[in-house]
Amino acid sequence: MGRGTVTNTATGLAAAVLLLCTTASADGTGDRGEKGDGAAACAHGTYAWSGILREEKLTGLADPIRLKKKTDSVSGLIKPLKGVSYKPHVTATGPGTHAADAIKALGRYLGTDEPLADPAEPAEPDEFPIHFDYAMGDLEGSYYLWNAVDLIEADFTYTCQGGGAKPVKGYVVTWETTGGGFMPCADRVTDNPLKRPDAAARTAARTLCPADSPAAKSA
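If you use mature numbering (1 follows the signal peptide of the UniProt record, and there is no 0), the sequence shown corresponds to residues -26 to -1, 1 to 193, in order.
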């Protein structure tokens, strides 16, 4: 999966998309780690997806940035949000499925540009603050800075090839990218190029920008 870095634009973050009751199937493989005839018989089943929820989840915020004089650089820390933790995982109600296979199948179904995060990925956010350092030139005024994760949640039904076994139902939590943004409070918060509202950016703007700023008002 793609581990992003903080950028000076909010457009790299996808936003909330709720896809209800999608039922098309994507080919997937079963649990190659399972042993026994049941697992072998279920090695080449199909995944049917439903209840797909994709949303930018805020994971970290810097302190409000107020630059009274022009400067060409700014640095500080992005602090992880307390009580927030996201970890890729898969739950299933029966044998024949493998977490990595289910997540890969979801990525193929969604047509993601980056491989989705598998359970080996560490939880987001990191428990320690992240240092940032921008050397962009002509910085002045109020800015806001945040980190986020493009969280994806989905239900699935895995059906063995030939239909000889009972379908397995499960649930996936993963993400495509992590990243964030650095934006001036003097600019309105806009939708990304896909015309989807950026939930994490809007929350960050409301939290960090002056209440009368264009960013806070448009968030």
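Note that beta-carbon positions come from the ideal geometry of N, C-alpha and C, so glycine has one too.
- Secondary structure at R162: coil, using DSSP grouped into helix, strand and coil.
- For G25, the enclosing beta strand (DSSP E) begins and ends at 20 to 36.
- Three or more Cβ pairs closer than 8 Å define a contact, and the stretch 30 to 39 meets that threshold against the stretch 114 to 133.
- One alpha carbon belongs to A139, the other to P96, and they sit about 34 Å apart.
- Assignment of beta-bridge partners to M157 by DSSP yields Y118.
- Residues S116, Y118, C159, A189, A190 of the same chain have their beta carbon placed closer than 7 Å to that of C183, with the five preceding and five following residues left out of the count.
- A straight-line Cα-Cα distance of about 7 Å links F102 and P54.
- Bounds of any beta strand (DSSP E) do not take in K61, whose DSSP letter is neither H nor E.
- Between D46 and G111, the CB-CB gap stays under 8 Å.
- Taken through DSSP and simplified to helix, strand or coil, L182 comes out as helix.
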